[in-house]
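Residue numbers (the UniProt record's numbering), protein chains in the order written: chain Z, 1 to 160; chain R, 1 to 160.
Next up, the structure:
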């Protein structure tokens with residue numbers, strides 16, 4: 001692969017250094033190629049591991065659902081308490097994964113966290129214009145990592 | 001960085017080829033280093049994306065829990081139906097993520113999918129020795145990707 005030496009030295013020190021340099025380069029290029037292939041496999045595997053971890057975190061919620069159903073026939077009243085436990089458990093999982101719940105009315109409207117699904121009169125809602133009057137569906141996420149915005153109604157000034 | 005040419009040529013064709021080869025090698029080594037750093041960042045980001053996707057898949061289950069609680073006070077009976085919906089929804093999420101539920105009694109005991117939590121008499125259980133008599137807690141997983149084994153009691157031959 002090395003060009004024939006034009007300065008007369010058949011295998012002088014410079015030629016040997018050239019061979020060594022070309023060899024190093026070829027190995028670095030091969031390493032680069034191997035690294036690319038290895039990482040492509042690793043990324044797929046890492047995502048699978050994450051999927052397994054997150055799904056496993058939700059399995060106790062499924063267990064609670066199973067138990068709530070088993071007890072439902074025996075005692076329909078106890079099931080309300082069961083669902084309350086279920087909600088706390090599910091919220092603890094989501095919170096443990098790093099995501100908060102956005103369900104506070106009265107806070108200033110923030111387009112990054114809220115999705116407007118309705119407008120209401122500020123006087124009737126009892127909250128200042130431009131604030132969240134009610135949360136129709138809670139939002140979940142972390143700063144910069146929104147899973148979904150909260151669906152809210154926003155208080156506006158009454159047209160006069 | 002190149003060693004001084006020992007064969008007398010100050011900048012002959014071989015020397016120039018050597019310089020070019022060393023330059024190529026250094027650039028390949030730098031690419032390799034950059035790629036390593038970039039992939040380390042990407043793997044972290046890919047896991048975050050997967051966590052967001054899986055958690056988002058469970059959000060409708062949280063919504064159903066919220067709604068079930070809201071309706072509980074008005075109609076305690078309807079809540080049993082609500083939990084049944086909840087279970088179907090949660091199982092559909094887990095199944096959609098690629099994991100099945102292992103809750104069948106009567107199947108042959110399989111150490112890869114079952115964890116023994118008790119032994120029962122085969123005649124009393126009505127299932128053949130070596131089979132699963134009852135499932136105490138369902139297992140979840142896919143072939144080779146077990147999230148957790150099913151906790152089961154296993155039927156055994158009566159000591160005589």
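All C-beta atoms, glycine included, are put in the ideal place defined by N, C-alpha and C. Treat the numbers as computed from the prediction; the structure is a model and nothing was measured.
Residue i - DSSP class collapsed to helix/strand/coil
{"i": "residue 152 of chain R", "result": "strand"}
{"i": "residue 102 of chain Z", "result": "strand"}
{"i": "residue 124 of chain R", "result": "helix"}
{"i": "residue 32 of chain R", "result": "helix"}
{"i": "residue 111 of chain Z", "result": "coil"}
{"i": "residue 15 of chain Z", "result": "helix"}
{"i": "residue 157 of chain R", "result": "coil"}
{"i": "residue 1 of chain Z", "result": "Confidence at residue 1 of chain Z is low in this model, with a pLDDT of 48, below 50, so its placement is unreliable and the value that follows should be read with caution. Residue 1 of chain Z falls in the coil class under three-state DSSP."}
Cβ shell of residue i (< 8 angstroms), same chain only, five flanking positions each side left out
{"i": "residue 60 of chain R", "result": "89, 93"}
{"i": "residue 64 of chain R", "result": "82, 85, 86, 89"}
Contact set for residue i: own chain, Cβ-Cβ below 7 angstroms, skip 5 residues either direction
{"i": "residue 128 of chain Z", "result": "122, 155"}
{"i": "residue 97 of chain R", "result": "54, 57"}
{"i": "residue 149 of chain Z", "result": "113, 114, 115, 139"}
{"i": "residue 99 of chain R", "result": "140, 141, 142, 147"}
{"i": "residue 103 of chain Z", "result": "135, 138, 150"}
{"i": "residue 78 of chain R", "result": "71"}
{"i": "residue 91 of chain R", "result": "101"}
First and last residue of the uninterrupted alpha helix (DSSP H) at residue i
{"i": "residue 118 of chain Z", "result": "First-last for residue 118 of chain Z: 114-121, but that is the beta strand (DSSP E), not the alpha helix (DSSP H)."}
{"i": "residue 89 of chain Z", "result": "78-96"}
Where the beta strand (DSSP E) through residue i begins and ends
{"i": "residue 134 of chain R", "result": "132-137"}
Contact set for residue i: own chain, Cβ-Cβ below 6 angstroms, skip 5 residues either direction
{"i": "residue 130 of chain R", "result": "109"}
{"i": "residue 105 of chain Z", "result": "132, 134, 135"}
{"i": "residue 47 of chain R", "result": "none"}
{"i": "residue 117 of chain R", "result": "136, 151"}
Near the ligand SAM: residue i beta-carbon under 7 angstroms from a heavy atom
{"i": "residue 50 of chain Z", "result": "This structure simply doesn't include the ligand SAM, nor any ligand for that matter."}
Worksheet entry | Validate contact between the region 111-126 of chain Z and the region 63-77 of chain Z using beta carbons, cut 8 angstroms, 3 pairs | no
Worksheet item: Can we say the region 128-137 of chain Z touches the region 15-25 of chain R, given the rule of at least three CB pairs closer than 8 angstroms?
Response: no
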